[in-house]
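A short worksheet on the structure shown next.
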């Protein structure tokens, strides 16, 4: 097949609903055959890595690509929009991709199994997802390892998935894993101005002239997995949009 002069190893093959053949290689990017003509996609097309590990077409016809070090990418008219650990994935290496009956994408990575909700998938495909909030399943939840292999997931007749890891395989029932809709209360844990902690946290705060840096530390009460707890911050009357705070607890 004359799609690569370097003859890099093939790691993924998918035929989409239109009969196009998608071939992911290790080091030579992604190649697509349409009407007998091959086209190559790489970094110039938005992929952050040309070491492809997974290719998947979801029921809506969208093509998702996982790579080694390049995160999760979605094909939008020949241009790939990508999310990585900077945008909320647990790892930049994606080896498995599959969608459940609820429209959620299950993404096997080197740091656990990420479950991305359908509303966030739509934002990724629209190029409007500055940050995603996947539910992550890992060894603390009973996985034998956090690292998933490149074997494609298998869906059983009952809707459950079998997924391969570097230490055997697992079975998960998507119906048993639902998004936690509760919103734990947030509390201010401390305030500082130019590095000097405030004397009290009760009532209005007054800062002297010349103050150019104010930090507010905060936390929340949550009895589930603390890694699933996410915060957003916004300066009232100044910021028009909320800013997602990743692993920090200060704004």
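Residue numbers (our numbering): 431 to 681. Using N, Cα and C, we set each Cβ at its ideal position, and we do this for glycine too.
Rounded to the nearest whole angstrom, the CA to CA distance from residue 559 to residue 549 is 10 Å. Taking the CA atoms as reference points, residue 515 sits about 31 Å from residue 623. Counting the other Cβ atoms within 10 Å of the Cβ of residue 462 gives 16 or more, which makes it buried. Below 8 Å, too few C-beta pairs join the region 604–616 and the region 625–634 to call them touching: fewer than three. Within the model, the alpha-carbon separation for residue 660 versus residue 468 is close to 43 Å. Short of 7 Å from the beta carbon of residue 441, and not among the five residues preceding or following it, lie these beta carbons of its own chain, in chain order: 454, 455, 456, 482, 483, 580.
Its Cα nearest to that of residue 521, the residue 564 stands out among 555, 554, 485, 564.
Counting other Cβ atoms within 10 Å of its Cβ, residue 479 reaches 16 or more and is therefore classed as buried. Per the C-alpha coordinates, the member of 651, 593, 587, 507 positioned closest to residue 544 is 593. Non-local C-beta neighbours of residue 551 in its own chain, meaning closer than 7 Å and more than five positions away in sequence, comprise 535, ordered along the chain. Here DSSP, grouped into helix, strand and coil, assigns residue 553 to helix. The Cβ-Cβ distance between residue 527 and residue 561 does not fall below 8 Å. With respect to the 8 Å criterion, residue 519 and residue 539 are classified as neighbours on the basis of their beta carbons. Cβ-Cβ separation between residue 557 and residue 511: approximately 5 Å, consistent with a contact (criterion under 8 Å). Residues of the same chain with a CB within less than 8 Å of the CB of residue 477, apart from the 5 flanking positions on each side, are 459, 460, 471, 495, 497, 500, 503, 510, 512 in chain order.
The closest CA to that of residue 572, considering only 582, 588, 598, 547, is found on 598. Apart from the 5 residues on each side of it in sequence, residue 643 sits with its Cβ closer than 6 Å to the Cβ of 624 in its chain, given in chain order.
Under a 10 Å Cβ-count criterion, residue 577 is classified as buried, with 16 or more other Cβ atoms of the shown protein chains found around its own Cβ. Here residue 469 is bridged, per DSSP, to 462. Taken through DSSP and simplified to helix, strand or coil, residue 673 comes out as strand. Around the C-beta of residue 493, 16 or more other C-beta atoms lie within 10 Å, and the residue is accordingly described as buried.
Distance from the CA atom of residue 567 to the CA atom of residue 506, rounded to whole angstroms, is 28 Å.
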